[in-house]
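The sequence shown begins at 195 in our numbering and counts up one residue at a time.
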Amino acid sequence: MSRKRVLVVGGTGYLGQHLLKGLSELQGTPYDVAVTHHSAPPPQPLLDALPPSFVFFHVDMRTGSGFDDVSLKFGQPDVVVNCAALSVPRVCENDPDSAMSINVPSALVNWLSSFTENRILLIHLSTDQVYEGVKSFYKEDDETGPVNVYGKSKVVAEKYIAEKCSNFAILRSSIIFGPQTLSPVPKSLPIQWIDGVLSKGDKVDFFHDEYRCPVYVKDVVTVILTLTNRWVSDGKQMRMVLNVGGPDRVSRVQMAEAVADIQGYNNTLIKPVSASSIDRGVKSPSDISMDVTKLVQTLNIHPVTYRDGVKLTLAAEAKS
C-alpha cells in the first residue's frame, strides 16, 4: 500500500509550523508531507528542524500559481490542511480584496477538483470571528453574523467549501496560543506579549468586556492529526464544522491575570478598560466564546484549560 500524502498549505505560519513539528514527530513517519509557503524561501531554521523528506513549494493562494508544481513533483494529496490566511482583522479591514482572495480558497479548491479520483479530505481553518459576538458559548449550528471583513471572508470561505467539496472539516478556532515556532514568526504571540509588557512593570490596558475561548496550539494540532488519521484509516467522507476553542471563557483581563499570577507579577499593572473605549480601526465582536461539546464528543479530545496552556507556554519559553 502506498504511503498517504499530506499537504500543509501555509506551512510557514504559526499554526503551520506547529503542525509540521507534530507531523515530523509521528511514530514511524506514516505520511509523506508537502508544504506550501508564500514567503520565499522558507526559513532555514524550519528546514533544519524538519526531516529532509518534507518538500516545500512556493504557491500563490490568490492565483493558484504553484499548485501544478505540487501535482507534478508530489502528486495527489490524501489530506490537505489549509492554514493559509490573512488573519489580522485590521489588515483585512483596510484591504478587503486581498482578504477575500486569500481567505476564500477558490484556487486551492479548483486545483483539488482537477484530480479525477477526488477523495481528498480538506481540513480548513476558520475562526470564531464568524460569530456576531452577542452571547456566550456559540454552537456550530448558530447563525453566523461577522462584524468585520476578516469574519466575513471566513464565512464566504466556509460556504464556498460546503458547496464545492464533498469531504471536509472546517475548524473554527479561537485565539491560538502557545510556544514560539521552530523558526520564529514575526507576529506578536499573545502570552509572550502579555508576559513581556508585565515583566517591565508598566501599567497596561486590557479589555474587561471582550471574551474568547483561547486554545492551546498543540490541541489544535491534535485535532488536525486526529481528523487526518480518521480519514486515512476508515475512509468515511465527512462534512464537519467544529468549534476549536479551549474550555474556558476568558476576558483579556483574565488572560493577563493568569500570566501575572503564574509569573508573580503585580496584578495592579493590569488596568481594566472597556473595548468600546479604544478605536482599533476595526470592529471586534465582544463575546465569541464557543461551546466545544461537539469537539469533545466527536473526536474525544479535551483541550487543556487556559491556565494550564499558559503554564506550558511559559515553561517552553523559559527553556528556549
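Note that CB positions come from ideal geometry on N, CA and C, so glycine has one too.
Beyond the five residues adjoining it in sequence on each side, GLN211 comes within less than 8 Å, by CB distance, of GLY205, LEU240, THR375, LEU376, SER377, VAL379 in the same chain, given in chain order. With a 10 Å radius around the Cβ and a threshold of 16 neighbouring Cβ atoms, GLY390 comes out exposed. Counting along the chain, the unbroken alpha helix (DSSP H) around SER292 starts and ends at 290-297.
Contact check for SER382 against THR321 fails: the beta carbons are separated by 8 Å or more. Out of PHE371, LEU421, PHE251, the CA that lies nearest to the CA of LEU508 is found in PHE371. If you draw a 10 Å sphere on the C-beta of PRO246, you find fewer than 16 other C-beta atoms in it, and that means exposed. Ranked by Cα distance from LEU436, the options PHE362, LYS412, VAL411 are led by PHE362. With at least 16 other beta carbons inside 10 angstroms of its own, PRO236 counts as buried. Listed in chain order, the non-local C-beta contacts of TYR354 below 8 Å within the same chain comprise VAL298, PRO299, SER300, VAL303, local neighbours out to five positions each way being set aside.
Counting only residues of its own chain and dropping the five nearest sequence neighbours on each side, TYR332 has a CB closer than 8 Å to the CB of ASP322, TYR325, ASN437, ILE482, SER483, MET484, ASP485. Residue pairing from DSSP leaves LEU419 without any beta-bridge partner.
Within the same chain, Cβ atoms closer than 6 Å to the Cβ of ASP399 are found at LYS465, VAL467, the five residues on either side in sequence being excluded.
When the beta-carbon positions are compared, GLY395 and LEU463 come within less than 8 Å of each other. By the criterion of at least three beta-carbon pairs nearer than 8 Å, the stretch 195-204 is in contact with the stretch 271-285. For MET449, the secondary structure class from DSSP, reduced to helix, strand or coil, is helix. Contact between ILE456 and LYS505 is confirmed by a C-beta separation of about 6 Å, below the 8 Å threshold. In the three-state scheme derived from DSSP, where H, G and I count as helix and E and B as strand, LYS465 is classed as strand.
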